[in-house]
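In our numbering, the protein residues as written are 56 to 265. Ideal Cβ positions, reconstructed from N, Cα and C, are used throughout, including at glycine. Here the structure comes first, spelled out in structure tokens, and everything after it is commentary.
Structure follows, in structure tokens:
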């Protein structure tokens, strides 16, 4: 049976079909809900909703809402969305936006942002949302900048170290033929035309023979 055919039926026919589809316990449930003699299909649906859908404990829902804080590593957008969803079950009425704003200010993980917002007079929910989002974005950008600066600093230090080692190596090479540290010019090195007493090779002295 399609929806259009069902809607054309009378309330009594709809109720009979509902009871049939629900099974043997349907009549007992309807009696418990004091709708056993009701002829209103909508009334029966309302009563059945109350029976099958657990009623929320407003006090407990408010406790959860007022205990909610931004968790470490949780994006601020997720935190805000969660607060709005939780507030729906707290029956705050016209105070809902104001209380969500307070929870954002008190529960945000960034203490500097929280303290700054607490000092702002007539802070709105929209302003609180914008402030915490911008603060998170700025924090993320600052981390990227610091990481790039650290990498640049490490590369610079490594380059200086390599350059220094090259200078030391070059300096050492200049006098490794004679063993005289003041002899920096190979062409003028006194060992250039000498024969080594150890290996008998020409071009260096015994002091640097390998």
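By the CB criterion at 8 Å, residue 102 and residue 88 fall inside the cutoff. Cβ-Cβ distances below 7 Å link residue 145 to 113, 116, 117, 120 in the same chain, with the five nearest sequence neighbours on each side left out; the list follows chain order. Between residue 163 and residue 189, the C-beta gap is not smaller than 8 Å, which leaves the two residues out of contact. Between the stretch 196 to 204 and the stretch 169 to 180, the count of Cβ pairs shorter than 8 Å is below three; the stretches do not touch. The Cβ atoms of residue 187 and residue 159 sit closer than 8 Å to each other. Note on residue 134: 16 or more other CB atoms within 10 angstroms of its CB, so buried under the neighbour-count rule.
Uninterrupted alpha helix (DSSP H) stretches at least 4 residues long and entirely within the stretch 103 to 130 occur at 113 to 122, given in chain order. In the DSSP assignment, residue 157 falls within the alpha helix (DSSP H) that extends over 151 to 162. Taking the Cα positions, residue 152 is about 41 Å away from residue 77.
About 4 Å separates the beta carbon of residue 180 from that of residue 156, a gap short enough to meet the 8 Å contact definition. Only buried fits residue 85, as 16 or more other CB atoms lie within 10 angstroms of its CB. Exposed is the label assigned to residue 150, since fewer than 16 other Cβ atoms lie within 10 Å of its Cβ.
Considering only 168, 166, 111, 128, the residue with the shortest C-alpha distance to residue 141 is 111. With respect to residue 82, residue 74 sits close: the two C-beta atoms are nearer than 8 Å. Considering only 154, 183, 148, 108, the residue with the shortest C-alpha distance to residue 123 is 154. The alpha carbon of residue 167 has as its nearest neighbour, out of 194, 62, 203, 176, the alpha carbon of 194. Going by C-alpha positions, residue 177 is about 20 Å away from residue 139.
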